[in-house]
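Student: Below you'll find the structure I mean.
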Amino acid sequence: MKRLYLFILCIPFLFAEIPDITFSSNSFQSTKNKQKHSTIFTSSVQAVLSASKASNINMSQYARAHVFPMKSDGKITVVAKIHTTANSDRIRRTIRDRSGRIIAEYRQYVEFEIPIEELRSFEGDIDIQRIAQPFHPYPHAITGEEVSLTKANRAQMNGYNGQGIKVAIIDGGFINNAQAIAAGELPENIISYDFSGNGLDTDSIHGTAVAEVVHDMAPYAQLYLLKIRTAVQLGQAKDYCKRNGINIINHSMGWFGYGWGDGKGLICDIANDAYNNGILWVNSAGNNALSHWQGDYSDPNADSFNEFSASANINRVGVCESGSTLTVFLTWNDPWGASSNDYDLFLVRWTGSSWAFQAASEYTQNGNDDPVEAFGVDIATTADYGIVIKKHSGAARSLQLFCYENAFKYAKAEQSISQPADATGVLAVGAIAFSNWPAGAIEIFSSQGPTQDNRKKPDICGVDFITNYIYGDFPGTSCAAPCVAGAAAVIWSAYQNCIAKDVWNSLQHSAIDAGAAGFDNQYGAGAVDVVIVRRLSAINNAYRGTGDVIFDMVPKGGVVSIFTVSGKYVTSLAAMDDSYRIIWNVCNSSGPVAPGMYYCIIKEPGGKTTTTRLMITRSRYSQ
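As structure tokens, this is what we get:
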């Protein structure tokens, strides 16, 4: 898995081999069902129900191609959103009476599996608002130097190892976690819970690799391994964290099809609720800088196909090998659950002389649907493939494409943040390779901001491409996020009375600026740098960039007096509120102070005095 993104080096060569040839509408005939569908079933569910009636369709292959979970026994998994006034007990009984099984429940959502023929009987149920397709999350791995690079080792030597802090890794699988424990890469006191019902050590090794990074950074933190596969299960895991006093959640996964990227939608709501209840949610920003495209629908030749450039309506994804999978999501800026603009998504294959239709997602959006089309195709023939978007009906909208496995020829790195990293209550983490740490450059695949509502993201960068027991080399924002989560645990263990926002601020204020000066949409605040400024500790805190210096754990009424090494008075700052923090803008009454060593005397209201040193490496406004 560590070689998944080696295709990046070949992209220009692969795309240069075949000229841009416009795809013709005569190359295939749409099979779209023009009939208005159910008011309860979303169009994707209705499509599965319709397909199951056809004698010539392999339903297992159909479901897989449409990213729809289906078991070998023919049972399909769906999510029902019930009305707030619904008789939920009756719905549970109905599911069981129809040979169904409830998998998970979260607030108004009930996830269950049921035979397809029994699902039809829910049509007209007055207690159900809608029955929809559940999408699963995608790991941000492209498949431990992180400790020393982020200076967490210095904090560990001072006794700050994450002790007293609970960190939950919410992920899609923890295969080989027992082997990692036996090898000493994970602690023996791990607490785990499987919300998927499939077993903790099934589906993926990704979560085990992520947990290892957290443990390297904060070896005394209490780790919780929580396995999920759907949004409903993610909500359950979040509530578990609230009940069990979890301080930090790491989620190195991205979700597609649940929102536009503006911090809204079910997945973002779940993460924001965790933050609003005192939990620091750390999330990988995504690996989509090369595999994301966005633009307004353009059709100058009036053939209904979107133009990605002046001469092409195909967005190529390069060569896909036989036996591989290609997963693509199309979304547009309509309200979720109320889309009336109908777009379709197609996969085409280069035959050697022309482009031929290969697969399609043609759901109907007619007023009560999500603005989503998606497919996950098993590639049968090694060839060059491309993506086509067609407007079936409605108005021109802003469109977004995400491809999980491959890069687009026409890619847009900006606004490629995946959910829930776009949420206001989520600390989104980009990736800088250890070989480029800390100045950058950013990893070529690391997702970039801004969000769709124009907020800057990511918030900070962690290190990736480190040595890992599970993966060997571990590239991706999946690795960078637990680096930051572990750093947060180290800081929180030093300041046990902090709240999540304090730790968030501390991480950003101590970050090493990278890329453009200041907070930007590639690096956020910069490279994470674990700096512990604490009473009773005299640590050289290197100030870099043009931000502020923050003194934590100073109670209201406390005063910080700053002097040069020769004893010359510079300035004084007072803690005016209960935030336990004083912020210095690196200036005195005359302006920015000069680079050099400064002594900071912290005097608390009760008279207790401690001294810490501060090294400023460059003037605030120096170029």
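In our numbering, the protein residues as written are 473 to 1095.
For every residue, glycine included, the Cβ atom is placed at its ideal position computed from N, Cα and C.
#1: Just to confirm before moving on: does the CB-CB distance between serine 668 and isoleucine 642 stay below 8 angstroms?
#2: Would you list the one or two residues that DSSP bridges to valine 1064?
#3: My output table needs one value for glutamate 590: the three-state DSSP class, helix, strand or coil.
#4: Could you check the C-alpha separation between isoleucine 963 and serine 812 for me, to the nearest Å?
#5: If we call anything under 8 angstroms between Cβ atoms a contact, is asparagine 755 one with valine 901?
#6: Can you check DSSP and say which residues form a bridge with arginine 536?
#7: Rounded to whole angstroms, what's the CA-CA distance from aspartate 775 to leucine 819? Just pull it up for me.
#8: Using beta-carbon positions only, say whether alanine 879 and serine 763 come within less than 8 angstroms of one another.
#9: Taking only the alpha-carbon atoms, compute the straight-line gap between tyrosine 941 and alanine 961 and give it to the nearest angstrom.
#10: How big is the Cα-Cα spacing for phenylalanine 540 and phenylalanine 829?
#11: Using a Cβ distance threshold of 8 angstroms, determine whether the stretch 691 to 699 contacts the stretch 651 to 668, with at least three qualifying pairs required.
#12: Am I right that leucine 798 and isoleucine 851 are in contact with their C-beta atoms under 8 angstroms? What's the rounded C-beta distance?
#13: Which residues does DSSP list as the beta-bridge partners of leucine 521?
#14: Taking 7 angstroms as the limit between beta carbons, can you name the residues of its chain near glutamine 601, skipping five residues before and five after?
#15: Measure the alpha-carbon distance for glycine 1063 versus phenylalanine 1023 and round it to whole angstroms.
#16: In whole angstroms, what is the alpha-carbon distance linking tyrosine 534 and glycine 572?
#17: What does a CB cutoff of less than 6 angstroms around valine 975 pick up in its chain, not counting 5 residues either side in sequence?
#18: For glycine 958, which of helix, strand or coil comes out of DSSP?
#19: With H, G and I counted as helix, E and B as strand and the rest as coil, what does DSSP make of tryptophan 976?
#20: Which residues in the same chain have their Cβ closer than 7 angstroms to the Cβ of glutamate 1076, if we skip the five residues on either side of it in sequence?
#21: Out of Glu589, Trp827, Thr836 and Trp822, point me to the one whose CA is closest to tyrosine 815's CA.
#22: Okay, do the stretch 910 to 930 and the stretch 585 to 605 touch, 3+ Cβ pairs below 8 angstroms being the bar?
#23: Using 8 angstroms as the threshold, is the C-beta distance between threonine 1043 and isoleucine 1034 below it?
#24: Considering only C-alpha positions, which residue in the set Gln968, Asn749, Gly679 and Met689 is nearest to arginine 723?
#25: Between the stretch 881 to 895 and the stretch 922 to 936, are three or more C-beta pairs nearer than 8 angstroms?
#26: Taking just the CA atoms, how far does tyrosine 769 sit from alanine 868?
#27: Can a CB atom of chain D be found closer than 8 angstroms to the CB of isoleucine 588?
#28: Assuming leucine 658 and alanine 640 form a contact by the criterion Cβ under 8 angstroms, report the distance between their Cβ atoms to the nearest whole angstrom.
#29: Do glycine 729 and phenylalanine 801 have their C-beta atoms within less than 8 angstroms of each other?
#30: Pick helix, strand or coil for alanine 462, following the three-state DSSP scheme.
#31: State the start and end residues of the unbroken alpha helix (DSSP H) segment that holds cysteine 970.
#32: Between the beta-carbon of alanine 761 and the beta-carbon of serine 888, is there less than 8 angstroms?
#33: Identify every run of the beta strand (DSSP E) within the stretch 670 to 751, keeping only runs that are complete inside it and at least 3 residues long; order them along the chain.
#34: Quick one: grab the DSSP three-state call for serine 907.
#35: Apart from the five residues just before and just after glutamine 872, which ones in its own chain have a Cβ nearer than 6 angstroms to its Cβ?
#36: In or out: threonine 514 buried (at least 16 other Cβ within 10 Å) or exposed?
Tutor: In brief:
#1: no
#2: Rather than valine, the amino acid found at residue 1064 in this sequence is proline. BP columns for proline 1064 point to Cys1059.
#3: helix
#4: 48 angstroms
#5: Their beta carbons are under 8 angstroms apart, which means asparagine 755 touches valine 901 by this criterion.
#6: Its beta-bridge partners do not exist; DSSP assigns none.
#7: Looking at the two C-alpha atoms, the distance is approximately 17 angstroms.
#8: yes
#9: 21 angstroms
#10: 21 angstroms
#11: Counting Cβ pairs under 8 angstroms, three or more are found: they touch.
#12: Between isoleucine 851 and leucine 798 the Cβ distance is about 6 angstroms, and since that is below 8 angstroms, they are a contact.
#13: Paired residue(s): none; leucine 521 is not in a bridge.
#14: Lys553, Ile554 and His555
#15: For glycine 1063 and phenylalanine 1023, the distance between alpha carbons rounds to 20 angstroms.
#16: 21 angstroms
#17: Leu752, Ala960, Ile963 and Trp964
#18: helix
#19: helix
#20: Cβ neighbours of glutamate 1076 beyond the five flanking positions: Pro1027 and Gly1030.
#21: Thr836
#22: Touching, no, given that fewer than three Cβ pairs across the two stretches are closer than 8 angstroms.
#23: yes
#24: Reading off the sequence shown, one finds histidine at residue 723, where the question assumed arginine. Among Gln968, Asn749, Gly679 and Met689, the Cα nearest to that of histidine 723 is on Gly679.
#25: yes
#26: 5 angstroms
#27: Given the protein chain composition of this structure (a single chain), no chain D is represented.
#28: A Cβ-Cβ distance of about 14 angstroms is found for the pair leucine 658 and alanine 640, leaving them out of contact under the 8 angstroms criterion.
#29: yes
#30: Residue 462 is absent from the structure shown; the chain starts at 473 and stops at 1095.
#31: Looking at the DSSP string, cysteine 970 is not in any alpha helix (DSSP H), and its letter there is neither H nor E.
#32: yes
#33: 694 to 699 and 720 to 723
#34: helix
#35: Gln766 and Thr803
#36: buried
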